[in-house]
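Line order of the protein sequences matches chains Y and C.
Going by numbering that gives the first Met the number 0, the first residue of the first sequence is number 0, and it counts up by one from there.
Going by numbering that gives the first Met the number 0, the first residue of the second sequence is number 0, and it counts up by one from there.
One structure below.
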Amino acid sequence: MNRIRLMLAILAGKTFIIISRLLGNQGSSFPGKIARRIYPAVLMELAAQVKGKIIVITGTNGKTTTSNMVARIINESNATLIHNQSGANMIPGITTAFIEKSGLTGRKKFEYALLETDEAHVPLLLKELNPSLLLITNFFSDQLDRFGELDNIIKKIKAAVNNREIDLLLNADDPLTAHFHDLTSLRRYYFGFTATSYDSYDSQESREGRYCIICGQKLEYQRYHYAGLGKFNCPECGNHNPELNFTGHNLVMASHIELMVDNIKITSPYQGFDNAYNIIAAVATARILGINEQDIQKGIADYQPQAGRMETFYINGRPAVLILVKNPTGLNQSLNTVIQDISLKNLFFALNDNQGDGRDISWIWDADIEVIEEEQHRIKQVVCSGWRSGDMALRVKYAGYPVERIAIKSNLKEAIEHITSLESEVVYLFSTYSALFKCRKILERMSDVRDRKPEAESMRSEG
Amino acid sequence: MAEFIIAHMYPDLMNLYGDRGNLLCLRKRLQWYGYQSYINEISFASKPDYHNVDMIFMGGGSDREVKLIYQDLISKGADLKKAMEDGIPMLFIDSAYQLLGQAYMDADENLIDGLGFFKFSTLRAKNRLTGNIILNSTITGKECTVVGFENHYGCTYFQDDNLQPFGRVLKGFGNNGEDGYEGLIYKNLIGTYLHGPLLPKNPEIADFFIKAMAERRGITVKSGLDDSIEHFAHNQVKDKILARS
Ligand SMILES: [Zn+2]
């Protein structure tokens, strides 16, 4: 009986996957939702197809990039894999990913499942399947911290992993992972950095895990690597960074990232300290899975930035770089990367407040936009777009950037056409999630025009 | 050149949802009006002389953070009250606003004493009161709209008919989602659930504080900043909220 319901659920799921593809939706959660309605245990049963390990990746920042890097490494090692898409990281979306890869009877075999999910969904997910490894990239307060919600979520994750055979892979530089200090039943691995030449001794970014979660004292930092991540200790109770199992060192960040993870040399086409953390987390995961050095190196080196993660388009021969932003930490990091580029540049911001962006846009006031003012001699124009173009323009104005060089164009297409027509060596386009794919399409279309033009003209002259 | 000093209460802890944008806004506007300003950070142990500051600001914080500052704030209560009665401009956002009342309820539903400056109390809603909000306010002397974002479990009820709300809710929840009141105004103090932050998109409210600061020093603020971006941003969100009805 259950066998039949399982097969019906798989069949329905697969049908809806095809339909939503036809409708142009990727990574949809809808097929999984339908299948679960037919047979609620569908995910639980399909998870049994994984003969090797189930890995769950969560955390505030970097889970998508990290899990994509791990997926790339696993593919490099020629192992079979189930992996959910970033847009579908709740239980229905994860169910969709399983159904998509499964056969109609649900009896295929896979070596790994790699599941990215939001922190808040980890406890639910752990009710349905048994991962052998849970990677937590970091916990940043973001908007969640209100009402101690982040604390609550961490407590729930802790309760969900306690007394189970789940190994944890944690960020040693993140004070909030100290929540897991007192779990004795689990194996814990830690990754982190030793001193790097990019460290600072005074964090400008406020409020990130700066209080000891054990006793509430203000933490002392010997150095900050990035945001609230660094070498810390608590003067009251002695809470400090745990010992590293995977150590990042010799970090070099330029147009790409180079670093050593223990004795493995890694090169990646990514930029920025946040991605250096994603790399070390991905390498640590692969090491725990027992994947060899060469596959790890190749997987990371070949993994190219995705849509909105510093993707470059060329318009009239000039680069236009698209960057996804969703919280102050990410925006600060991206702005710092942009400021390191000494070219003459124009900036574009698309700020939306749809569900996928977060309805509350006040986070832009927590980001250190003031770097734009300091860099104003190399930033000629700032164009603000999206549903909340006015708020973005205000933020730039109150950062001290000259108001006569700020333009508001709420329509994305007009705004992008305008900013790319202005004089500069490079354009940086920042966009929140719900505007990202529209921006991308507009940029693609514009760069196509440039690529085709010479051809079309030469044909005309020949004709 | 006149210099204004703004006291920022517990800047490390009570600073949620872009609250610091309110200070950025006040400082820039003061600069554009031709005045200098300084932030005086007030944290634990520091015992400031509130009569030597021109304004006092305190932002919101999570339950955890409120617990950390609670004892210290209570110990500063008498001085703060004196400053308020003296007409020092004060802006208290969100959980800082709640603390001005007689009691508030935390996440575990314990009723905790507030500073007791006003007869109001804050209970806890089952569902979060969140979203864009728009008010009608007359605090600047004429009717104006105030826009912002609210995100709170607190349901604040006035227990004294003489208390004046900061504004009347046109769209959104406000103090409790029932009586149509939002926030509180008393002399030059505003307590409110609006963040967003409040002041940049509501330049009339920012100037209400600036004028009050200046008046207490016998200074007349020259009028006329170019607020076209401020008004654009204000109207953009206002149109958006009203269109959703
Ligand atoms: Zn401690």
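Backbone N, C-alpha and C define an ideal beta-carbon position, used for all residues, glycine too.
None of these values were measured; they are calculated from a predicted model.
Check your understanding: Below 8 Å between beta carbons: does that hold for Y/Glu127 and Y/Met43?
Key -> Judged by their CB atoms, Y/Glu127 and Y/Met43 are nearer to each other than the 8 Å cut-off.
Review point. With a cut-off of 8 Å, does the C-beta of C/Tyr16 fall near any C-beta of chain Y?
Key: yes
Practice item. Using three-state DSSP, classify Y/Gln303 as helix, strand or coil. Key: coil
Check your understanding: Rounded to a whole number of angstroms, what is the C-alpha to C-alpha distance between Y/Tyr220 and Y/Asn60?
Key -> 21 Å
Check your understanding: How many angstroms separate the CA atom of Y/Ser342 from the CA atom of Y/Ala46?
Key -> 50 Å
Point to revise | C/Asn97, enclosing alpha helix (DSSP H) - first and last residue | key: Residue 97 of chain C is actually Gln in this sequence, not Asn. Taken as a continuous stretch (DSSP letters only), the alpha helix (DSSP H) holding C/Gln97 covers 94-97.
Review point. What are the boundary residues of the beta strand (DSSP E) that C/Met104 is part of?
Key: 102-104
Check your understanding: Less than 7 Å between the CB of C/Gln101 and some heavy atom of ligand 1, yes or no?
Key -> For C/Gln101, the shortest separation between its Cβ and any heavy atom of ligand 1 does not lie below 7 Å.
Review point. Does at least one heavy atom of ligand 1 sit under 7 Å from the Cβ of Y/Asn240?
Key: Flag unset: Cβ of Y/Asn240 not near ligand 1.
Review point. Just how far apart, CA to CA, sit Y/Asn151 and Y/Ile287?
Key: 28 Å
Practice item. Compare the C-beta of Y/Arg404 with all C-beta atoms of chain C and state if any pair is closer than 8 Å. Key: no
Review point. Can a CB atom of chain C be found closer than 8 Å to the CB of Y/Ala119?
Key: no
Exercise for review: Would you check if the region 28-38 of chain C and the region 72-90 of chain C touch, i.e. whether three or more CB-CB distances between them fall below 8 Å?
Suggested key: no
Exercise for review: Can you tell me the Cβ-Cβ gap for Y/Leu80 and Y/Glu110, rounded? I've got them flagged as a contact below 8 Å.
Suggested key: 7 Å
**Study point:** Span separating the alpha-carbon of Y/Asp365 from that of C/Met8
**Key:** 17 Å
Check your understanding: Which bits of chain Y does C/Ile68 rub up against, with CB to CB less than 7 Å?
Key -> Under the 7 Å cutoff, chain Y gives no residues; its nearest Cβ is about 11 Å from C/Ile68.
Practice item. Could you pull out every unbroken beta strand (DSSP E) segment of at least 3 residues lying fully inside the region 133-185 of chain Y, listed in chain order? Key: 166-170
Review point. CA-CA distance, Y/Tyr400 and Y/Glu369?
Key: 8 Å
Review point. Taking one C-beta from the region 139-156 of chain C and one from the region 434-446 of chain Y each time, how about it: are there three or more such pairs within less than 8 Å?
Key: Remark: fewer than three beta-carbon pairs, one from each stretch, lie closer than 8 Å, so the region 139-156 of chain C and the region 434-446 of chain Y are not flagged as touching.
Point to revise | Y/Ile153 beta carbon near ligand 1 (any heavy atom closer than 7 Å) | key: no
Point to revise | Nearest candidate by alpha-carbon position, reference Y/Leu323, set Y/Asn137, Y/Ser430, Y/Pro91 | key: Y/Ser430
Check your understanding: If you measure from the CB of Y/Glu235, is any heavy atom of ligand 1 nearer than 7 Å?
Key -> The answer is yes for Y/Glu235.
Point to revise | N- and C-terminal bounds of the beta strand (DSSP E) containing Y/Gly229 | key: 228-232
Review point. What span of residues does the alpha helix (DSSP H) with Y/Val370 cover, start to end?
Key: Start and end: 370-373.
Check your understanding: In chain Y, what lies closer than 7 Å to C/Gly194 by C-beta?
Key -> The amino acid at residue 194 of chain C is misidentified as Gly; the sequence shows His. Residues of chain Y passing the Cβ test: Ser361.
Practice item. Note down, one range per segment and in chain order, each beta strand (DSSP E) of at least 3 residues found wholly within the region 22-49 of chain C. Key: 35-41
Review point. Which two residues bound the contiguous alpha helix (DSSP H) that contains Y/Arg35?
Key: 29-37
Exercise for review: Compute every distance between the C-beta of Y/Cys214 and the non-hydrogen atoms of ligand 1, then say whether any falls below 7 Å.
Suggested key: Yes, Cβ of Y/Cys214 sits closer than 7 Å to a heavy atom of ligand 1.
Point to revise | Assigned exposure category for C/Met89 - 16 Cβ within 10 Å defines buried | key: buried
Check your understanding: Y/Tyr220 lies in the beta strand (DSSP E); which residues open and close that run?
Key -> Where Y/Tyr220 is concerned, the enclosing beta strand (DSSP E) starts and stops at 219-225.
**Study point:** 8 Å contact criterion, which Y/Glu75 and Y/Lys264 should meet: CB distance rounded
**Key:** At roughly 16 Å, the Cβ-Cβ gap does not stay under 8 Å, so Y/Glu75 and Y/Lys264 are not in contact.
Practice item. Could you check which residue in Y/His248, Y/Asp301, Y/Ser27 has the C-alpha nearest to that of Y/Arg73? Key: Contrary to the premise, residue 73 of chain Y reads as Ile rather than Arg in this sequence. If we check each option's Cα against that of Y/Ile73, Y/Asp301 comes out closest.
Review point. What's the call for Y/Val402, buried or exposed, on a 16-neighbour Cβ count within 10 Å?
Key: Taking every protein chain shown into account, the CB of Y/Val402 has fewer than 16 other CB atoms within 10 angstroms, so this residue is exposed.
Review point. For Y/Cys211, is the beta carbon positioned less than 7 Å from some heavy atom of ligand 1?
Key: Yes, Cβ of Y/Cys211 sits closer than 7 Å to a heavy atom of ligand 1.
Check your understanding: Cβ of C/Leu239 less than 8 Å from any chain Y Cβ?
Key -> Inspection of the sequence shows that residue 239 of chain C is occupied by Lys rather than by Leu. Cβ-Cβ to chain Y under 8 Å: yes for C/Lys239.
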